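Remarks on the structure that follows.
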Amino acid sequence: MALLENQISNEYLRFLIILIGTIIFVALSYLILKFIVDKISGGKKSKAKFILKKLSFPVFFLIFIIGLYTALKTLNKLDEYYVILDRISFIITTLFFALLASRIINLSTLGWFKLKKGFERTPGLLNKAITMIIFIIAIAVILSYFKIDVTPLVAGVGLGALAISLALQSTLSNFFAGVHLLSDRPINVGDFIELDENTTGIIEDIGWRSTRIRMLTDNLLIIPNAKLAESNIINYSM
């Protein structure tokens, strides 16, 4: 009897040590990272602070979940619930990996577009689409784990994507044309250009859907990127 009580007390002790150790590790890691970032940025707003804010929650929550899972596995009383525990842990871990992946990709697209002159505004539509795709994949992975046929889900998503792409055909064509203009860089903000329609002016802004041209008459021409990409452009500034 004493041996059994001792074993139970050791189990709870291991559980508490792992759980408390995980909490302390997460808290200290966050505080140390925050201290380093504050020192580097001098207490001002910076890219490092922004990245830490976006990534710290999913990263440290995942570490906590792994620690909690490990701690619970030390309790023999939960033997009969291990299958349920494994499933819950898999669902939470998969969803938070999806959250982490979406934030990393969104930060990458943010950085890419910020570097593009005249394209400083991040296309929220693109980031939302990326996030949606990542979470659809995560849900498909979870369903596969539970041996649920994901074919109807994939078919439904495919039909939904087709319907959305048809509805947003004009918007998407303008967006990808804008990406092409910024990647190929035939024009830049401030360039003096002439289009094949004998339209002459100075580029004021290149957005993700349209481009603004200040004409010689001082009128502002707003032209969809898809139309601009198909036009013959004479760039007098190059």
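Just so we're aligned, residue 1483 is where the sequence shown starts under our numbering, counting upward by one.
All residues carry an ideal CB built from backbone N, CA and C; glycine is no exception.
If you're wondering where the values come from, they're calculated on a predicted model, not measured in any experiment.
What did DSSP end up calling residue i once you bin it into helix, strand or coil?
| i | result |
| --- | --- |
| Pro1634 | helix |
| Gly1683 | strand |
| Asn1717 | strand |
| Phe1674 | strand |
| Ile1615 | helix |
| Arg1691 | coil |
| Arg1667 | coil |
| Phe1628 | coil |
| Leu1498 | helix |
| Leu1557 | coil |
Run the CB neighbour count on residue i, radius 10 Å, all protein chains shown included, and call it buried at 16 or more, exposed below.
| i | result |
| --- | --- |
| Ile1675 | buried |
| Ile1518 | exposed |
| Ala1509 | exposed |
| Thr1693 | buried |
| Asp1673 | buried |
| Leu1498 | exposed |
| Thr1699 | exposed |
| Ala1637 | exposed |
| Ile1685 | buried |
| Ala1708 | buried |
| Asn1588 | buried |
| Ile1616 | buried |
| Arg1569 | exposed |
| Gly1640 | exposed |
| Thr1504 | buried |
| Ile1695 | buried |
| Ile1716 | exposed |
| Ile1669 | buried |
| Arg1495 | Looking at the sequence itself, residue 1495 is Leu, so the reference to Arg does not match. Exposed. |
Quick check on the DSSP output: the beta strand (DSSP E) that includes residue i runs from which residue to which?
| i | result |
| --- | --- |
| Gly1705 | Per the sequence presented here, residue 1705 reads as Ile, with Gly not at that position. First-last of the beta strand (DSSP E) with Ile1705: Leu1702 to Pro1706. |
| Thr1552 | Taken as a continuous stretch (DSSP letters only), Thr1552 belongs to no beta strand (DSSP E), being part of the alpha helix (DSSP H) at Lys1529 to Leu1554. |
| Thr1699 | No beta strand (DSSP E) holds Thr1699; DSSP gives it neither H nor E. |
Looking at C-alpha atoms only, which residue of the options is the closest neighbour of residue i?
| i | options | result |
| --- | --- | --- |
| Thr1575 | Ile1621, Ile1587, Thr1682 and Pro1668 | Ile1621 |
| Ile1704 | Asp1687, Tyr1718 and Leu1698 | Asp1687 |
| Ala1530 | Phe1542, Pro1540 and Lys1516 | Lys1516 |
| Ala1580 | Ile1570, Asp1673 and Ile1624 | Ile1624 |
| Leu1513 | Gly1638, Phe1617, Phe1542 and Ile1547 | Phe1542 |
| Ile1502 | Ile1616, Ile1533, Ile1522 and Phe1546 | Phe1546 |
| Ala1711 | Arg1691, Leu1702, Leu1663 and Asn1680 | Leu1663 |
| Leu1635 | Glu1493, Tyr1627 and Ile1619 | Ile1619 |
| Gly1689 | Lys1521, Pro1706, Asn1680 and Ser1713 | Pro1706 |
| Gly1549 | Asn1714, Ser1571, Tyr1718 and Leu1560 | Ser1571 |
Please report whether the beta-carbon of residue i lies at a distance below 8 Å from any beta-carbon of chain C.
| i | result |
| --- | --- |
| Asn1701 | Within the model displayed, chain C is absent; a lone protein chain is all it includes. |
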